[in-house]
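To keep things clear, I will list the structure first and then write my remarks on it.
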Amino acid sequence: MMFWRSVVGKLWFTILLLVSVVLLVLTFLLLQSFEQFHTEHAEQELLNHANLMASFLADEEMDEAAFQMSQTIAETYGAKSVIVFEDEEFWYTSHEDIEEIPLSFFIENPELSQVLTTRESAVTQGDYTVTSRDEHDEVMIVGVPVDFTSGEEGAIYLYQPLTVVEEASNQTKQIIYVSAGVAIILTTIFAFFLTTRITAPLRRMRKASLEVAKGNFDAKVPIQTKDEIGLLAIAFNRMARTLHTNLHALSQEKEQLSRILSSMADGVITLDRNGKVMVTNPPAREFIDAWRYDSKAPHGEYPSVLHDLYCKVVQNEREEVAEVMIQGRSWVILMTPLYDNHDVRGAVAVVRDMTEERQHDKLRKDFIANVSHELRTPISMLQGYSEAIVDDIASSDDEKKEFAQIIHDESLRIGRLVNEFLDLARMEAGYIRLEKEPIDVEAFVTKIKRKFQVVAKEQQIELQAYSQHLPKPLIADSDRLEQVVTNLIDNAIRHTYNNGKVYFHIEGTDKNVIIEVVDTGVGIPEADLPFVFERFYKTDKARTRGNAGTGLGLAIVKNLVEAHHGKVAVRSKMNEGTTFTVTLPYETERGLSE
């Protein structure tokens, strides 16, 4: 069945069918033509022999020799003759194998009888009954008139069976049938060879097309001829090269687009005309995963806000914006319709994490409120005590000295607040200069311990400070690093009750220097841990010893550590203590950090 479905089978069958039909029609026409030719040829020969016998009998005397010659002529052709005179009949059997036809048949036959009456030649074919066997034989009979030398008129009838004509026709049929069979066989071989020659390039082209479909664009069709198949092979090779070029360009463009989408900070989501998500980039997948975790949705589901926003986009045919809160983060979705001519065929959504922007807005508002709050108390105290002195409310020198001391302390407090705020502003803006140099860790730890030893004793807190030998020298800004440790130890002392302990130590690993400040104080609430390094953050004043500070110390610590390309982290448990860990590289890039 596969053979008949192939091009070879179809072409071979078509050519064979066409040649067979032509040979069939030609054979039929040839058989008809040759049968007619043999019949006419036999009639003409019988007629010629009859005329020859008639002319011989008309010229010779009617003796035995004349009839003998007529017999010889008839036997030569294989026929039988009947000579009829005007007054009487004369039978002459010229061929013993041919049955005799009664004279009455010639006299009574309308066509043959006219030879005696009208003196015209006649030719006929027909059946006659053999008297002895009662059988019908088909014979061909010719009759010609004869004028004898004696003055009598008569006729000569010459006849023979049609089997002679049929034998000649059968021989011709055999030749035609054999020729037709040989022609069909040769046509079959030639058609199969021709179709194979024609389809061989097509098979090679099919093989090459399968290779191209697999991605092997180096496959080529050999060009062997200059005909249509050769032109088709040239076109195929050109198509393969063009396809390779276009696919390569498309692949590069797709890879470039994929890299652009992957490197985008914003999430990108593409939806089809049914609102189904088709393409996402890593930030978009992060948004979707966060939504699934927050809503406990199974894998494969997408945020309902995308579907609702898509319906609005399709309905209004314009971009739409929505904002959702997921896992405490603020996400803004901007969806724009995609058009196919005039119809909306989908949409593209840009998802942006606006948490930092919202936090920055909140920090800006909190900053103004905190600065106003921090400055209002000391300014009010400065104003009140200065008015008391001006209005002579303080009657004694001791009272005046006390009021002046309060004014001095509050002015120092305002100065510290302003200096810390300026330092923090410069750090966050990147305008900070680090004077890096090798630091003697042991001397540094001793200096810090001496600095806080008196304060710790006054607060009845045990301060322990020690260091380990570092495998590499620590290169950093000693003043800035002292500021970091000072802020951390000061916080630890203020948040530790009497008889508590504060540990400060420095140790080294293969890659980093670890500085830890550990206290056994009240700890930090778990909900406040993510915000301890923000500006103006303060714990509950009831948990501190005395002054709660300005709330800028830890923010300054974070900025100074990051300026050294390090990290700071905090761990704490309520009523168990707090641990601040600073991780610094041994050596950072020298130079300015501004």
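Under the working numbering, the first residue of the sequence shown is numbered 906, with each subsequent residue one higher. Ideal Cβ placement from N, Cα and C applies to all residues, glycine included.
Any non-hydrogen atom of the ligand HEM within 7 Å of residue i CB
i: Gly1458; result: Looking at this structure, you won't find the ligand HEM or any other ligand, since it has none at all.
Residue i in three-state terms, based on DSSP
i: Asn1417; result: strand
i: Pro1203; result: coil
i: Lys1125; result: coil
i: His1410; result: strand
i: Phe1192; result: helix
i: Leu1239; result: strand
i: Val1229; result: strand
i: Arg1257; result: strand
i: Leu1017; result: helix
i: Arg1234; result: strand
i: Met1045; result: strand
i: Pro1208; result: coil
i: Ser1372; result: strand
i: Leu1063; result: strand
i: Thr1391; result: helix
i: Ile1311; result: helix
Residue i versus residue j: straight-line alpha-carbon distance, rounded
i: Val1049; j: Gln1065; result: 15 Å
i: Val1359; j: Tyr1491; result: 31 Å
i: Gly1413; j: Arg1281; result: 45 Å
i: Ala1252; j: Ile1284; result: 58 Å
i: Leu1214; j: Glu1439; result: 36 Å
i: Leu1459; j: Lys1267; result: 19 Å
i: Gln949; j: His943; result: 10 Å
i: Thr1425; j: Glu1481; result: 6 Å
i: Glu1222; j: Thr1147; result: 38 Å
i: Leu1063; j: Val930; result: 36 Å
i: Thr1100; j: Tyr1244; result: 51 Å
i: Glu1431; j: Val1475; result: 11 Å
i: Asp1303; j: Val1323; result: 30 Å
i: Pro1187; j: Pro1203; result: 19 Å
Integer Cβ distance of residue i from residue j, believed to fall under 8 Å
i: Met1169; j: Leu1176; result: About 17 Å separates the two Cβ atoms, so there is no contact after all.
i: Ala1027; j: Glu1016; result: 5 Å
i: Gln850; j: Lys1406; result: The structure shown does not extend to residue 850, since the chain is modelled only from 906 to 1499, so the question has no answer here.
i: Ala1361; j: Ile1411; result: Not confirmed; about 18 Å, so no contact.
i: Pro1376; j: Asp1415; result: 7 Å
i: Pro1106; j: Ala1138; result: 6 Å
i: Phe939; j: Thr1077; result: 4 Å
i: Ala959; j: Val1051; result: 4 Å
i: Val1389; j: Val1466; result: 6 Å
i: Phe1141; j: Ala1118; result: Not really, about 13 Å apart at Cβ, beyond 8 Å.
i: Ile1337; j: Ala1254; result: Actually they are not in contact, since the Cβ atoms of Ile1337 and Ala1254 sit about 40 Å apart, beyond 8 Å.
i: Lys1341; j: Asp1382; result: 6 Å
Other residues of its chain near residue i: CB distance less than 7 Å, five sequence neighbours each side excluded
i: Gln1019; result: Glu1025, Ala1027
i: Ile1128; result: Gly1135, Ala1138, Ile1139
i: Ile1312; result: Leu1287, Tyr1290, Ser1291
i: Arg1448; result: With a pLDDT of 44 at Arg1448, under the threshold of 50, the modelled position of this residue cannot be trusted; read the value that follows with caution. Excluding positions up to five away in sequence, the list reads His1400, Val1427.
i: Leu928; result: Ala1085, Ala1088, Ile1089
i: Trp917; result: Ala1096, Phe1097, Thr1100
i: Gly1471; result: Val1487, Thr1488, Leu1489, Pro1490
i: Lys1463; result: Phe1438, Val1473
i: Asn1404; result: Gln1365
i: Ile1231; result: Ala1195, Trp1196, Asp1199
Any C-beta of chain E under 8 Å from that of residue i
i: Gln1157; result: Reference to chain E is not applicable here, since this structure consists of a single protein chain.
Sequence-distant residues of the same chain with beta carbon closer than 6 Å to residue i, five excluded per side
i: Val1237; result: Glu1228, Arg1257, Met1259
i: Ser1477; result: Gly1428, Ile1429, Thr1483
i: Val1219; result: Val1249
Identified DSSP bridge partners for residue i
i: Phe1485; result: Val1422, Val1475
i: Asp1177; result: Per DSSP, none; premise fails for Asp1177.
i: Thr1185; result: Ile1174
i: Glu1342; result: Ala1381
i: Pro1050; result: Ala1060
i: Glu1304; result: Bridge partners of Glu1304: none, in fact.
i: Glu1367; result: Lys1406
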